[in-house]
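Q: Before I ask anything, let me first share the structure, which is written out below as structure tokens.
Protein chains: 6
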Amino acid sequence: MEKTRYQRGLKNLAEIDGAAGQRVVESLRDIAPDFAQYLVEFPFGDIYNRPDLDLRSREIATVAALTALGNARPQLEVHIHGALNVGCSGAEVIEIMMQMAVYAGFPAALNGLSAARAVFAERGAEK
Amino acid sequence: MEKTRYQRGLKNLAEIDGAAGQRVVESLRDIAPDFAQYLVEFPFGDIYNRPDLDLRSREIATVAALTALGNARPQLEVHIHGALNVGCSGAEVIEIMMQMAVYAGFPAALNGLSAARAVFAERGAEK
Amino acid sequence: MEKTRYQRGLKNLAEIDGAAGQRVVESLRDIAPDFAQYLVEFPFGDIYNRPDLDLRSREIATVAALTALGNARPQLEVHIHGALNVGCSGAEVIEIMMQMAVYAGFPAALNGLSAARAVFAERGAEK
Amino acid sequence: MEKTRYQRGLKNLAEIDGAAGQRVVESLRDIAPDFAQYLVEFPFGDIYNRPDLDLRSREIATVAALTALGNARPQLEVHIHGALNVGCSGAEVIEIMMQMAVYAGFPAALNGLSAARAVFAERGAEK
Amino acid sequence: MEKTRYQRGLKNLAEIDGAAGQRVVESLRDIAPDFAQYLVEFPFGDIYNRPDLDLRSREIATVAALTALGNARPQLEVHIHGALNVGCSGAEVIEIMMQMAVYAGFPAALNGLSAARAVFAERGAEK
Amino acid sequence: MEKTRYQRGLKNLAEIDGAAGQRVVESLRDIAPDFAQYLVEFPFGDIYNRPDLDLRSREIATVAALTALGNARPQLEVHIHGALNVGCSGAEVIEIMMQMAVYAGFPAALNGLSAARAVFAERGAEK
Numbered sequence: 006m007e008k009t010r011y012q013r014g015l016k017n018l019a020e021i022d023g024a025a026g027q028r029v030v031e032s033l034r035d036i037a038p039d040f041a042q043y044l045v046e047f048p049f050g051d052i053y054n055r056p057d058l059d060l061r062s063r064e065i066a067t068v069a070a071l072t073a074l075g076n077a078r079p080q081l082e083v084h085i086h087g088a089l090n091v092g093c094s095g096a097e098v099i100e101i102m103m104q105m106a107v108y109a110g111f112p113a114a115l116n117g118l119s120a121a122r123a124v125f126a127e128r129g130a131e132k
Numbered sequence: 006m007e008k009t010r011y012q013r014g015l016k017n018l019a020e021i022d023g024a025a026g027q028r029v030v031e032s033l034r035d036i037a038p039d040f041a042q043y044l045v046e047f048p049f050g051d052i053y054n055r056p057d058l059d060l061r062s063r064e065i066a067t068v069a070a071l072t073a074l075g076n077a078r079p080q081l082e083v084h085i086h087g088a089l090n091v092g093c094s095g096a097e098v099i100e101i102m103m104q105m106a107v108y109a110g111f112p113a114a115l116n117g118l119s120a121a122r123a124v125f126a127e128r129g130a131e132k
Numbered sequence: 006m007e008k009t010r011y012q013r014g015l016k017n018l019a020e021i022d023g024a025a026g027q028r029v030v031e032s033l034r035d036i037a038p039d040f041a042q043y044l045v046e047f048p049f050g051d052i053y054n055r056p057d058l059d060l061r062s063r064e065i066a067t068v069a070a071l072t073a074l075g076n077a078r079p080q081l082e083v084h085i086h087g088a089l090n091v092g093c094s095g096a097e098v099i100e101i102m103m104q105m106a107v108y109a110g111f112p113a114a115l116n117g118l119s120a121a122r123a124v125f126a127e128r129g130a131e132k
Numbered sequence: 006m007e008k009t010r011y012q013r014g015l016k017n018l019a020e021i022d023g024a025a026g027q028r029v030v031e032s033l034r035d036i037a038p039d040f041a042q043y044l045v046e047f048p049f050g051d052i053y054n055r056p057d058l059d060l061r062s063r064e065i066a067t068v069a070a071l072t073a074l075g076n077a078r079p080q081l082e083v084h085i086h087g088a089l090n091v092g093c094s095g096a097e098v099i100e101i102m103m104q105m106a107v108y109a110g111f112p113a114a115l116n117g118l119s120a121a122r123a124v125f126a127e128r129g130a131e132k
Numbered sequence: 006m007e008k009t010r011y012q013r014g015l016k017n018l019a020e021i022d023g024a025a026g027q028r029v030v031e032s033l034r035d036i037a038p039d040f041a042q043y044l045v046e047f048p049f050g051d052i053y054n055r056p057d058l059d060l061r062s063r064e065i066a067t068v069a070a071l072t073a074l075g076n077a078r079p080q081l082e083v084h085i086h087g088a089l090n091v092g093c094s095g096a097e098v099i100e101i102m103m104q105m106a107v108y109a110g111f112p113a114a115l116n117g118l119s120a121a122r123a124v125f126a127e128r129g130a131e132k
Numbered sequence: 006m007e008k009t010r011y012q013r014g015l016k017n018l019a020e021i022d023g024a025a026g027q028r029v030v031e032s033l034r035d036i037a038p039d040f041a042q043y044l045v046e047f048p049f050g051d052i053y054n055r056p057d058l059d060l061r062s063r064e065i066a067t068v069a070a071l072t073a074l075g076n077a078r079p080q081l082e083v084h085i086h087g088a089l090n091v092g093c094s095g096a097e098v099i100e101i102m103m104q105m106a107v108y109a110g111f112p113a114a115l116n117g118l119s120a121a122r123a124v125f126a127e128r129g130a131e132k
């Protein structure tokens with residue numbers, strides 16, 4: 006049932022991205038409510054729900070990809086929260102950013118570190 | 006000492022990327038030998054040598070980033086080998102590709118899956 | 006029901022991308038059968054199924070985006086077929102490519118035109 | 006005559022992008038006046054002047070491409086205005102953004118929706 | 006006069022890209038002859054014709070940009086020819102590729118070096 | 006010795022990027038001090054230290070690449086300072102931006118010109 010995908014997605018979204026994820030969904034209510042539904046259902050109800058890769062590994066993959074792409078700062082911040090929520094340490098997040106210098110260049114890494122600093126500050130933790 | 010970074014890098018490169026990594030270094034001998042050295046030293050002697058993130062997590066990050074960027078197929082194949090060499094299962098690699106559909110679109114995921122298929126075939130394993 | 010999204014998606018995929026789309030789905034059977042399902046369900050069962058934008062406009066958007074991104078040639082070819090299947094003329098596809106020179110540069114436009122030439126040849130029509 | 010391309014371009018720019026386009030041209034006067042001329046002449050005097058694709062389709066292509074690229078927010082906003090000026094509805098713009106989730110990922114779509122929200126607010130229309 | 010831009014462009018294209026540039030223009034005759042004209046007029050008749058930056062610097066900029074973008078191999082090869090035609094040494098081209106590792110990552114640099122190797126071989130010069 | 010690469014890098018960084026480069030290094034002290042070291046050592050101690058390409062050409066390459074990529078505004082501003090510091094005129098920087106319209110599209114060029122305007126203003130020079 007559609008409903009199950011949505012409910013599964015909401016639960017996973019809450020576990021992974023916490024309040025930051027919820028804010029994204031809320032922000033879509035006015036302009037594209039159906040997209041809020043798809044965002045809960047496909048990424049979080051389908052993909053993140055699959056058992057063959059643990060959530061910590063999934064968030065490492067997402068933080069790495071968004072840092073490398075370098076054009077989605079708000080979503081990168083949400084997923085730095087996500088990585089920290091599912092078991093990554095701040096030091097591990099920093100390592101991912103530094104490693105992205107190798108694959109996407111130093112500017113991508115520097116901007117990733119800037120996003121990490123903002124998230125760490127928001128959570129009241131330097132690292 | 007420079008020498009130590011290089012030696013450390015060679016050892017890490019061999020452990021992670023195996024023969025595929027060695028082929029990349031060899032291929033640079035004619036055209037840019039100094040770049041072969043930098044490639045060993047900075048990514049593998051400096052970054053991958055750092056203890057704060059395990060190699061399996063590092064390769065997950067790299068495979069995710071290269072799949073998302075979508076413009077570096079040869080290097081993606083090298084690092085799919087790398088991920089499998091340091092403890093990822095084929096099924097986990099597939100999960101990373103599928104997840105990239107969420108962050109970089111379905112074409113990026115499809116092309117990542119195509120790279121995975123090529124590497125799995127080369128290693129004589131469907132999955 | 007899940008089944009309905011999938012069935013809807015298969016029907017839309019067949020209408021839009023024809024044999025080229027079917028080949029993409031088939032090619033996933035060995036390596037990522039679940040992804041074949043997601044590909045049918047979310048893009049074609051959810052998005053392309055929405056009534057608020059006609060299929061011709063949707064394919065114009067997709068061809069433009071893939072030409073601009075420039076890193077997904079196989080998928081671009083599939084959607085040039087798609088655009089022609091849902092009512093675009095060859096001349097209109099050429100116009101989209103040319104326009105992308107403005108937004109993503111001349112190389113992106115040239116590579117888009119090269120993809121168009123390949124698809125036109127496959128369909129036995131120069132234009 | 007050069008003059009004709011420029012005049013043609015100014016007319017098309019005014020029709021498509023309205024005041025937003027004019028502001029872009031004005032902003033170049035101090036730093037790169039020749040580029041203001043090229044911007045009027047090539048994109049708007051040459052490309053948008055061609056009869057083989059209607060303006061509505063052209064703006065759909067541009068909005069899709071800029072949303073997918075995700076690194077040109079000011080220009081995306083100008084062309085959301087453009088799309089609305091030449092006959093797209095707000096709902097159609099939203100559909101394009103949502104569809105870009107399939108080809109460039111959910112973050113690209115979310116940031117496109119954010120740009121749409123800003124433009125709709127500026128025009129005093131929620132949708 | 007339009008004719009003058011085109012003639013200026015043809016002359017600059019021949020000087021910069023030589024036979025490789027001519028082949029690009031020829032390849033457009035069947036599918037998009039007007040785009041061949043724009044390609045000669047705007048990039049080569051307008052931009053490369055401007056006196057405020059020397060041709061060697063212009064080709065350095067283009068080779069760097071196409072290496073960093075990493076999604077336009079044929080055009081990168083044309084402009085490696087171009088750089089060599091207007092006074093860059095093979096060693097300088099190699100330096101640009103290596104430097105791009107810093108700004109776009111090692112894979113971009115490796116793929117740039119691969120393009121350089123192909124062009125050097127075509128010209129019968131290892132470096 | 007490591008120390009030599011670092012010292013060489015600091016000297017080159019100061020010569021090229023001046024105060025802007027120093028601010029980047031300082032900003033990393035809290036969150037990723039090792040990355041500050043790598044940033045000095047590899048790009049500035051290794052790459053920019055190589056004799057086979059002059060600094061003016063190197064900064065032209067970097068400004069072109071970052072303008073084309075379009076997702077690293079802070080680093081683009083640092084390197085516009087850098088280009089001006091090592092001998093480029095403001096007019097030459099403007100030419101690079103304009104040329105990027107050909108290879109990465111008009112939005113990339115416009116955003117590059119916007120970065121140039123900000124840097125010129127900071128340096129108290131309109132051009």
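Chains as they are written, first to last, in the numbering used here: chain A, 6 to 132; chain B, 6 to 132; chain C, 6 to 132; chain D, 6 to 132; chain E, 6 to 132; chain F, 6 to 132. Positions of the beta carbon are idealized from the N, C-alpha and C atoms, including for glycine. Bear in mind that the values here come from a model prediction, so they are computed numbers and not experimental data.
1. Check each candidate in E:SER32, E:ALA41, E:ALA37 and name the one with the smallest Cα separation from E:GLY14.
2. Between F:LEU71 and F:LEU81, is the Cβ-Cβ spacing less than 8 angstroms?
3. Run down chain G in chain order and give the residues with a C-beta less than 7 angstroms from the C-beta of B:ASP51.
4. How would you list, in chain order, the residues of chain D whose beta-carbon sits under 7 angstroms from the beta-carbon of C:ASP39?
5. Can you list, in chain order, the residues of the segment 49-83 of chain A whose Cβ is nearer than 7 angstroms to any Cβ on chain B?
6. Can you tell me the Cα-Cα spacing of B:GLY87 and F:GLY23, whole angstroms?
7. Within the segment 93-127 of chain F, note down every full alpha helix (DSSP H) run reaching 4 residues or more, in order along the chain.
8. Quick one, are the C-beta atoms of E:ALA120 and C:ILE99 less than 8 angstroms apart?
9. Going along chain E, which residues have a C-beta under 9 angstroms from F:GLU100?
10. Of all Cβ atoms in chain C, is any one closer than 8 angstroms to the Cβ of E:ILE21?
11. For the segment 52-68 of chain F against the segment 56-71 of chain E, are there 3 or more C-beta pairs whose distance is under 8 angstroms?
12. Looking at the structure shown, is C:LEU58 part of a helix, part of a strand, or coil, going by DSSP?
13. How is D:ALA69 classed by DSSP in three states: helix, strand or coil?
14. Just to confirm my understanding: we take D:ALA73, look at its own chain, exclude 5 residues before and 5 after, and list those with CB closer than 7 angstroms. What are they?
15. So, for C:VAL45: in the same chain, excluding its five sequence neighbours on each side, which residues have a beta-carbon less than 7 angstroms away from its beta-carbon?
16. When you compare the CB positions of E:ASN54 and C:GLY75, do they come within less than 8 angstroms of one another, or not?
17. Measuring CA to CA, which of E:ARG128, E:LEU118, E:GLU20 is closest to E:ARG61?
18. If you draw a straight line from the C-alpha of D:ALA126 to the C-alpha of E:ASN116, how long is it?
19. From E:VAL91 to E:LEU118, what does the alpha carbon distance come to, in whole angstroms?
20. Since F:PRO79 is in the alpha helix (DSSP H), which residue starts that stretch and which ends it?
21. If we ignore side chains and look at the alpha-carbon of each, how far apart do E:ASP51 and E:MET102 end up?
22. Secondary structure at A:ALA37, three-state DSSP: helix, strand or coil?
23. Tell me the rounded alpha-carbon separation between C:PHE49 and C:ARG122.
24. Taking the Cβ atom as the reference point for each residue, do F:ALA96 and E:ASP57 lie within a distance shorter than 8 angstroms?
25. When the cut-off is 8 angstroms and only beta carbons count, does D:PHE125 lie next to chain E?
26. Does the Cβ of D:GLY129 have 16 or more other Cβ atoms within 10 Å, making it buried, or fewer, making it exposed?
27. By the three-class DSSP mapping on this structure, what secondary structure does C:TYR43 have?
28. Counting only the same chain and skipping the five closest in sequence on each side, list residues whose C-beta sits under 7 angstroms from that of E:VAL83.
29. Please tell me whether E:ALA25 has its Cβ less than 8 angstroms away from any Cβ of chain A.
30. Verify the CB distance criterion: does C:MET105 have a CB-CB separation below 8 angstroms to chain E?
31. A:MET6: buried (16+ other C-beta within 10 angstroms of its C-beta) or exposed?
32. List the residues of chain C whose Cβ lies closer than 8 angstroms to the Cβ of A:PHE111, in chain order.
33. Report the rounded CA-to-CA distance for A:PHE78 versus A:ILE85, giving the unit in angstroms.
34. Determine the chain A residues that contact D:ARG122 at a beta-carbon separation under 8 angstroms, and present them in chain order.
A: Answer, in terms of the structure:
1. E:ALA41
2. yes
3. Here the protein chains are A, B, C, D, E and F, and chain G is not one of them.
4. The premise fails here: C:ASP39 is roughly 17 angstroms from chain D at the closest Cβ pair, so nothing lies under 7 angstroms.
5. ILE52, ARG55, ASP57, LEU58, SER62, ARG63, ILE65, ALA66, THR67, ALA69, ALA70, LEU71, ALA73, LEU74
6. 39 angstroms
7. 95-109, 111-127
8. no
9. ILE52, ARG55, ASP57, LEU58, SER62, ARG63, ALA66
10. no
11. yes
12. coil
13. helix
14. MET105, TYR108, ALA109, ALA113
15. TYR11, GLY14, LEU15, LEU18, VAL30
16. no
17. E:GLU20
18. 44 angstroms
19. 19 angstroms
20. 78-90
21. 27 angstroms
22. coil
23. 26 angstroms
24. yes
25. no
26. exposed
27. helix
28. ASP22, ALA25, GLY26, VAL29
29. no
30. no
31. For A:MET6, the predicted structure reports a pLDDT of 47, less than 50, and the residue's modelled location is therefore unreliable. The matter cannot be settled from this model.
32. Simply none; closest approach about 22 angstroms.
33. One detail in the question is off: residue 78 of chain A reads as Arg in this sequence, not Phe. Approximately 10 angstroms, taken between the alpha carbons.
34. ASP35, ILE36
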